[in-house]
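A.B. asks: For the protein sequence lines, the chains are L, G, X and Z, in the order given. Numbering (the numbering used here) for the first sequence: 18 to 296. Numbering (the numbering used here) for the second sequence: 18 to 296. Numbering (the numbering used here) for the third sequence: 18 to 296. Numbering (the numbering used here) for the fourth sequence: 18 to 296.
4 protein chains.
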Amino acid sequence: MNELIILIQCSDEVGLVTKITQVLASNNLNIISMHEYVDTHNKKFFTRIACRGDDLQEEPFKIEMSEKLPHGAVITIVVQQLKKIAVLVTKDYHCLGDILVRNQFKTLGAQVQCVIGNYSYLQEVTQQFSVPYFHISHHEKDKQEFETEIRNVIDQFDIDFIVLAKFMRILSPEFVENYTKKIINIHHSFLPAFVGANPYKQAFDRGVKIIGATAHFVTNNLDEGPIITQHTASIDHTYGVKEMIRRGRETEKAVLLEALQLVFEDRVFISGNKTIVFK
Amino acid sequence: MNELIILIQCSDEVGLVTKITQVLASNNLNIISMHEYVDTHNKKFFTRIACRGDDLQEEPFKIEMSEKLPHGAVITIVVQQLKKIAVLVTKDYHCLGDILVRNQFKTLGAQVQCVIGNYSYLQEVTQQFSVPYFHISHHEKDKQEFETEIRNVIDQFDIDFIVLAKFMRILSPEFVENYTKKIINIHHSFLPAFVGANPYKQAFDRGVKIIGATAHFVTNNLDEGPIITQHTASIDHTYGVKEMIRRGRETEKAVLLEALQLVFEDRVFISGNKTIVFK
Amino acid sequence: MNELIILIQCSDEVGLVTKITQVLASNNLNIISMHEYVDTHNKKFFTRIACRGDDLQEEPFKIEMSEKLPHGAVITIVVQQLKKIAVLVTKDYHCLGDILVRNQFKTLGAQVQCVIGNYSYLQEVTQQFSVPYFHISHHEKDKQEFETEIRNVIDQFDIDFIVLAKFMRILSPEFVENYTKKIINIHHSFLPAFVGANPYKQAFDRGVKIIGATAHFVTNNLDEGPIITQHTASIDHTYGVKEMIRRGRETEKAVLLEALQLVFEDRVFISGNKTIVFK
Amino acid sequence: MNELIILIQCSDEVGLVTKITQVLASNNLNIISMHEYVDTHNKKFFTRIACRGDDLQEEPFKIEMSEKLPHGAVITIVVQQLKKIAVLVTKDYHCLGDILVRNQFKTLGAQVQCVIGNYSYLQEVTQQFSVPYFHISHHEKDKQEFETEIRNVIDQFDIDFIVLAKFMRILSPEFVENYTKKIINIHHSFLPAFVGANPYKQAFDRGVKIIGATAHFVTNNLDEGPIITQHTASIDHTYGVKEMIRRGRETEKAVLLEALQLVFEDRVFISGNKTIVFK
Numbered sequence: 018m019n020e021l022i023i024l025i026q027c028s029d030e031v032g033l034v035t036k037i038t039q040v041l042a043s044n045n046l047n048i049i050s051m052h053e054y055v056d057t058h059n060k061k062f063f064t065r066i067a068c069r070g071d072d073l074q075e076e077p078f079k080i081e082m083s084e085k086l087p088h089g090a091v092i093t094i095v096v097q098q099l100k101k102i103a104v105l106v107t108k109d110y111h112c113l114g115d116i117l118v119r120n121q122f123k124t125l126g127a128q129v130q131c132v133i134g135n136y137s138y139l140q141e142v143t144q145q146f147s148v149p150y151f152h153i154s155h156h157e158k159d160k161q162e163f164e165t166e167i168r169n170v171i172d173q174f175d176i177d178f179i180v181l182a183k184f185m186r187i188l189s190p191e192f193v194e195n196y197t198k199k200i201i202n203i204h205h206s207f208l209p210a211f212v213g214a215n216p217y218k219q220a221f222d223r224g225v226k227i228i229g230a231t232a233h234f235v236t237n238n239l240d241e242g243p244i245i246t247q248h249t250a251s252i253d254h255t256y257g258v259k260e261m262i263r264r265g266r267e268t269e270k271a272v273l274l275e276a277l278q279l280v281f282e283d284r285v286f287i288s289g290n291k292t293i294v295f296k
Numbered sequence: 018m019n020e021l022i023i024l025i026q027c028s029d030e031v032g033l034v035t036k037i038t039q040v041l042a043s044n045n046l047n048i049i050s051m052h053e054y055v056d057t058h059n060k061k062f063f064t065r066i067a068c069r070g071d072d073l074q075e076e077p078f079k080i081e082m083s084e085k086l087p088h089g090a091v092i093t094i095v096v097q098q099l100k101k102i103a104v105l106v107t108k109d110y111h112c113l114g115d116i117l118v119r120n121q122f123k124t125l126g127a128q129v130q131c132v133i134g135n136y137s138y139l140q141e142v143t144q145q146f147s148v149p150y151f152h153i154s155h156h157e158k159d160k161q162e163f164e165t166e167i168r169n170v171i172d173q174f175d176i177d178f179i180v181l182a183k184f185m186r187i188l189s190p191e192f193v194e195n196y197t198k199k200i201i202n203i204h205h206s207f208l209p210a211f212v213g214a215n216p217y218k219q220a221f222d223r224g225v226k227i228i229g230a231t232a233h234f235v236t237n238n239l240d241e242g243p244i245i246t247q248h249t250a251s252i253d254h255t256y257g258v259k260e261m262i263r264r265g266r267e268t269e270k271a272v273l274l275e276a277l278q279l280v281f282e283d284r285v286f287i288s289g290n291k292t293i294v295f296k
Numbered sequence: 018m019n020e021l022i023i024l025i026q027c028s029d030e031v032g033l034v035t036k037i038t039q040v041l042a043s044n045n046l047n048i049i050s051m052h053e054y055v056d057t058h059n060k061k062f063f064t065r066i067a068c069r070g071d072d073l074q075e076e077p078f079k080i081e082m083s084e085k086l087p088h089g090a091v092i093t094i095v096v097q098q099l100k101k102i103a104v105l106v107t108k109d110y111h112c113l114g115d116i117l118v119r120n121q122f123k124t125l126g127a128q129v130q131c132v133i134g135n136y137s138y139l140q141e142v143t144q145q146f147s148v149p150y151f152h153i154s155h156h157e158k159d160k161q162e163f164e165t166e167i168r169n170v171i172d173q174f175d176i177d178f179i180v181l182a183k184f185m186r187i188l189s190p191e192f193v194e195n196y197t198k199k200i201i202n203i204h205h206s207f208l209p210a211f212v213g214a215n216p217y218k219q220a221f222d223r224g225v226k227i228i229g230a231t232a233h234f235v236t237n238n239l240d241e242g243p244i245i246t247q248h249t250a251s252i253d254h255t256y257g258v259k260e261m262i263r264r265g266r267e268t269e270k271a272v273l274l275e276a277l278q279l280v281f282e283d284r285v286f287i288s289g290n291k292t293i294v295f296k
Numbered sequence: 018m019n020e021l022i023i024l025i026q027c028s029d030e031v032g033l034v035t036k037i038t039q040v041l042a043s044n045n046l047n048i049i050s051m052h053e054y055v056d057t058h059n060k061k062f063f064t065r066i067a068c069r070g071d072d073l074q075e076e077p078f079k080i081e082m083s084e085k086l087p088h089g090a091v092i093t094i095v096v097q098q099l100k101k102i103a104v105l106v107t108k109d110y111h112c113l114g115d116i117l118v119r120n121q122f123k124t125l126g127a128q129v130q131c132v133i134g135n136y137s138y139l140q141e142v143t144q145q146f147s148v149p150y151f152h153i154s155h156h157e158k159d160k161q162e163f164e165t166e167i168r169n170v171i172d173q174f175d176i177d178f179i180v181l182a183k184f185m186r187i188l189s190p191e192f193v194e195n196y197t198k199k200i201i202n203i204h205h206s207f208l209p210a211f212v213g214a215n216p217y218k219q220a221f222d223r224g225v226k227i228i229g230a231t232a233h234f235v236t237n238n239l240d241e242g243p244i245i246t247q248h249t250a251s252i253d254h255t256y257g258v259k260e261m262i263r264r265g266r267e268t269e270k271a272v273l274l275e276a277l278q279l280v281f282e283d284r285v286f287i288s289g290n291k292t293i294v295f296k
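1. Less than 9 Å between CB atoms is the rule here; does V294(G) satisfy it with respect to chain Z?
2. Look at the alpha carbon of P190(G) and the alpha carbon of T236(G), and state the distance between them as a whole number of angstroms.
3. Which residue wins for smallest C-alpha separation from N290(L), given the options T197(L), I252(L), R263(L)?
4. Less than 9 Å between the beta carbons of I92(X) and L21(X), yes or no?
5. Pair every Cβ in the segment 228-247 of chain L with every Cβ in the segment 197-211 of chain L, then say whether three or more of these pairs are closer than 8 Å.
6. Run the CB neighbour count on N238(X), radius 10 Å, all protein chains shown included, and call it buried at 16 or more, exposed below.
7. Report, in whole angstroms, the separation of the C-beta atoms of K100(G) and F281(G), which I expect to be a contact under 8 Å.
8. With a Cβ-Cβ cutoff of 9 Å, do K226(Z) and Q173(G) count as a contact?
9. Could you check whether I179(L) and F151(L) sit closer than 9 Å to each other, using their CB atoms as the reference points?
10. Nearest-angstrom Cα distance between Q121(Z) and Y110(L)?
11. Closer than 7 Å by C-beta to D115(G): which residues in its own chain qualify, once you throw out the five before and the five after it? Chain order, please.
12. What are the residues in the segment 51-65 of chain L lying within 7 Å of chain G by C-beta distance?
13. Tell me whether the segment 79-98 of chain L and the segment 31-50 of chain L touch, counting them as touching only if at least three CB pairs, one residue from each stretch, are closer than 8 Å.
14. Does H156(L) come out as helix, strand or coil in the three-state DSSP assignment?
15. Please report the distance separating the alpha-carbon of L73(X) from that of N44(X).
16. Kindly list, in the order they appear in chain Z, the residues whose Cβ is closer than 9 Å to that of I262(G).
17. So which residues of chain X does D17(L) contact, with C-beta pairs closer than 7 Å?
18. What residues match up with G134(Z) in a beta bridge as DSSP calls it?
19. According to DSSP, C112(Z) sits in a beta bridge with which residue or residues?
20. Going by Cα to Cα distance, which pick from Q98(X), S206(X), G265(X), T292(X) is closest to K123(X)?
21. What's the call for N135(G), buried or exposed, on a 16-neighbour Cβ count within 10 Å?
22. On the DSSP bridge assignment, give the partners of D56(L) in chain order.
23. Nearest chain X C-beta to D283(G) closer than 9 Å, yes or no?
24. With a threshold of 16 other CB atoms inside 10 Å of the CB of M18(G), please say whether the residue is buried or exposed.
25. Of the residues that make up the segment 93-118 of chain Z, which ones have a beta carbon closer than 7 Å to any beta carbon in chain L?
26. Please identify the residue among L181(G), A250(G), R186(G), Y138(G) whose C-alpha is closest to the C-alpha of K160(G).
27. Could you compute how far the alpha carbon of K61(Z) sits from the alpha carbon of A67(Z)?
28. Tell me which residue opens and which closes the beta strand (DSSP E) that F295(X) is part of.
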């Protein structure tokens, strides 16, 4: 018996769960776990079903399911396999280091195809893990040129997601649109506080008693994309900017890796500017 | 349209969700939210379904549902109404105070029918809230006599749950059996650490860096009943027993009130020595 | 032997701790605990010393200490006694309820002299605790008139601090200046995110995964005063505004009461727009 | 001006802070930060002083200080330098991976001299970081022989601390005594709950709602050594042992690395069976 995950999102209407479970039953799919959520504001329905079955014919199944559901339903069948990712970095090693260690021990839920950095600082550590590193400097290039080089590398691989692991350049709308719902960023504040540059400096100036980090999908509104996970950590008056950065690293790393696990296990839906996360 | 909650627990088998949702549909019950869980160790299935419908005939519905489910299924229909509770206390005011304030402002999810204390310390504050207080001393009585007096008071009321809000007497097996799965206790440690008396003293002696509290159903194995919620708080070397008790109060209060809300909203199933909590 | 707390703040210079401890020794004051902090940005020094001694002559001691310290040092001697407070409320009961319970059981660290509300909703619960309640409506009054009435009540009492326990009116600069460093507010977001009105609505619209609360001193820059304590709580996509408000109450209450305890124990210094909190 | 850290522990008596600060002043040492703590149960005094000064003559300074302090005072002067450590592992990669990454980027606060494993699983990842790995199997050896081989490796290096990064063999009293107060272990439960083997299995059987991890110094009482740091994480009924292990890894890693940072910065004193941690 194979395990598979079925993701459905569609307009909400009465009786959806019954209809969906009937189609599953008629295809001899046994439900292991099922999550559903109705976004009552936008009248949308989301479900993630983990199930077991044999010899599922994917296309006929999708057609049968579609006929029972409201027009426009999106049905995805995930036969368990590792996602393929590219990681973009600048100088900070802590998120990348954790990704590379997990990648090597096969607990990341994805395979790192390549690391792209706008500096060479992280080349050595990447190559220690036998992962290809591409140094693409942004110096003396316009943004379009810089991003074209990045895209040329990414598109060599069959990438499911791009992870910005403390990549400190702002990507253009053209770049982002090319990878809609595929780019995940870690932002070093509890958004929406301290958007933009130097959030720890902003946090220090304001005298906050907590700092945080936010993993989110990237859209063309800077720091405004759908939030996947957030965590905070308590600090006190003895923390200068330097101590906040050091403490913040731990939170950033934990938040990003938690978000990646959720995304790679197909637990995250995007609905407008928000996420639905089935844990 | 009325809102109601349907709770089902039964042996696990293939196709349960489909069968259940079909019965719901044939009775014109529209699912608002549905949680399900399979305890694969004990092969048991649990579901909590919030739904809307009109004119449901409860008994015919239960018969129809039972016929589709494995033998021995327990089906409960909760038409939304407040639970009725008795609160047992000794000297500590903090849990009781929070319960009484919420009770008055109708955010407890239950109605406090009475408070029973083995001292008179908390009589005044209880009566300030116009809740009846029964002072039943344990002095110069054997346990059976003491508990008979408590039962006589409790049984005057139509009680759904008994809340031990820092009640510091151990209840006898006879008492507990009489209110199976109806007694909720707050224990001032992160069980199973520091069972028994003076957990903060034990915590101090051990030099732990976290303290905690545990809300659990009471069984005849002291401090061994099914855990509903637990939380912890960080402490350091400057905490003596007195400071731990002060800090611990905040955690105890928060943990107990969270557990009560979950229980009163019918979100907690008991399965053997564990709970399933649908948040 | 009496316990007392000595608070000193002054410009920083080399050797301050030595000088201060010498004066303590020459006055037979035995240090129980000592906290110090140097704000290197503003070159300011802060210390809180808990000590024991007999027959301290406060004025000669202050003069002796001042002579050893940089010009402009502020020296405060606190002989342990309860602070006196006024509480301002609107409609939310949860912070007030907790304050009143602790006040009655003498664990607040302060004595509530009066509660002032711009509605009458919380009159009954206040009076249950035998605390005077003043209903001062803001309707059909200009702000100056409204605040004059409040001040007339407050000034009847010998108030150390004014606690805004979910008081939903913005106080004028004139009012605030009259009680500099004496007004403590609980704001229902993790400032500086979601300043202004309806922070939970803002949080919902943004799709955050954490909500929070902030206790701060009130200054004339709305929501910009020195932060004392902040905490956050995790939420998920199932939380609507109503659920956030319900969950948020627990955080608000915990944050405000923690802040009050710190302030009432003279553990909080204000330095510019920040606080130094000696826990 | 050099930065140095002075650690003092001695019997408590009146006036110690004054005496100590006078000696610092007479040696032209300027205090940057000072922490002190009196263990009133054991009448012991502990202080950690970070200060700046020039040309300190360590031995004369220690003699001068000793003469002012109670007999038996222990005075340590730490001129800032990296600690040297050996890491012992079995099969789990997550703590070791984090240590190796930080070691390479010089943010560990120590230099890893060698990694010793009783299996060869972690040899490759260690060597990727150009750190020597010694595979010392425990198979077909008695404990004494096994430990002698380990000691022979460790003693090649000038080791300050031995880190047990999920090393799953119990060390003999002889081994432990040889490295008193120098061995730090990460235990995968919130001690003292679930001592001994398979704590996650124990946690699963008990149905707890939180799991945790504990970093502690190793003594000859298994799992009873002085605790440095502890953290917990919330879980629910859906967590089997496997999911607890996966979730637990994150906590273990965070707790161990936090403890190591504190120890390597000389912020941790051991007093009997407890630690004093100056953060």
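Where a beta carbon is used, it is the ideal one built from N, C-alpha and C, also for glycine. Only a predicted model underlies this, so the values are computations on that prediction, with no experimental measurement involved.
C.D. replies: Concretely, from the data shown:
1. For this step, residue 294(G) is matched to residue 277 along the second sequence. For V294(G), the answer is yes, since a Cβ of chain Z falls inside 9 Å of its Cβ.
2. By one-based count along the second sequence, residue 190(G) stands at place 173. By one-based count along the second sequence, residue 236(G) stands at place 219. If you take the alpha carbons of P190(G) and T236(G), they lie about 8 Å apart.
3. By one-based count along the first sequence, residue 290(L) stands at place 273. Ranking T197(L), I252(L), R263(L) by Cα distance to N290(L) puts T197(L) first.
4. The residue given as residue 92(X) occupies position 75 in the third sequence. The residue given as residue 21(X) occupies position 4 in the third sequence. Result no, Cβ atoms of I92(X) and L21(X) do not sit closer than 9 Å.
5. Under the Cβ criterion (8 Å, minimum of three pairs), the segment 228-247 of chain L counts as touching the segment 197-211 of chain L.
6. Along the third sequence, one-based indexing puts residue 238(X) at 221. N238(X) comes out exposed.
7. The count along the second sequence starts at 1 and reaches residue 100(G) at position 83. The count along the second sequence starts at 1 and reaches residue 281(G) at position 264. Confirmed, Cβ separation roughly 5 Å.
8. The residue labelled residue 226(Z) in the question sits at position 209 within the fourth sequence. The residue labelled residue 173(G) in the question sits at position 156 within the second sequence. The answer is no: Cβ separation not under 9 Å.
9. The sequence position of residue 151(L) within the first sequence is 134, counting from 1. The sequence position of residue 179(L) within the first sequence is 162, counting from 1. Not in contact: F151(L) and I179(L) (Cβ atoms no closer than 9 Å).
10. As a first step, residue 121(Z) is located in the fourth sequence; it is residue number 104 there, counting from the start. As a first step, residue 110(L) is located in the first sequence; it is residue number 93 there, counting from the start. Taking the straight line from one Cα to the other gives about 10 Å.
11. As a working note, residue 115(G) is residue 98 in the second sequence. Here the set comprises K270, L274.
12. Against chain G - using a Cβ distance shorter than 7 Å - the residues of the segment 51-65 of chain L are M51, E53.
13. yes
14. As a first step, residue 156(L) must be located in the first sequence, where it is residue number 139. If DSSP states are grouped into helix, strand and coil, H156(L) belongs with coil.
15. Locating residue 73(X) in the third sequence gives position 56, where the first residue counts as 1. Locating residue 44(X) in the third sequence gives position 27, where the first residue counts as 1. Those two C-alpha atoms are separated by around 7 Å.
16. Looking up residue 262(G) in the second sequence gives position 245. Simply none; closest approach about 17 Å.
17. In this structure chain L extends from 18 to 296, so residue 17(L) is not present and cannot be described.
18. Here residue 134(Z) corresponds to residue number 117 of the fourth sequence, with the count starting at 1. G134(Z) is bridged to V106(Z), H152(Z).
19. Along the fourth sequence, one-based indexing puts residue 112(Z) at 95. Beta-bridge pairing links C112(Z) to no other residue.
20. Translated into positions along the third sequence, residue 123(X) becomes position 106. Cα-wise, what sits closest to K123(X) is Q98(X).
21. Translated into positions along the second sequence, residue 135(G) becomes position 118. Its Cβ being crowded by 16 or more others within 10 Å, N135(G) is buried.
22. Taking the first sequence and counting its residues from 1, one reaches residue 56(L) at position 39. Paired residues: K61(L).
23. The sequence position of residue 283(G) within the second sequence is 266, counting from 1. It does not; no Cβ of chain X falls within 9 Å.
24. Residue 18(G) sits at position 1 when you count from the first residue of the second sequence. By the neighbour-count criterion, in which a residue is buried when 16 or more other Cβ atoms sit within 10 angstroms of its Cβ, M18(G) is exposed.
25. Y110, G114, V118
26. The residue given as residue 160(G) occupies position 143 in the second sequence. Answer by Cα proximity: R186(G).
27. Residue numbering aside, residue 61(Z) sits at position 44 when the fourth sequence is read from its first letter. Residue numbering aside, residue 67(Z) sits at position 50 when the fourth sequence is read from its first letter. Cα to Cα, K61(Z) sits roughly 20 Å from A67(Z).
28. The residue given as residue 295(X) occupies position 278 in the third sequence. Segment: none, F295(X) is in no beta strand (DSSP E) and carries neither H nor E.
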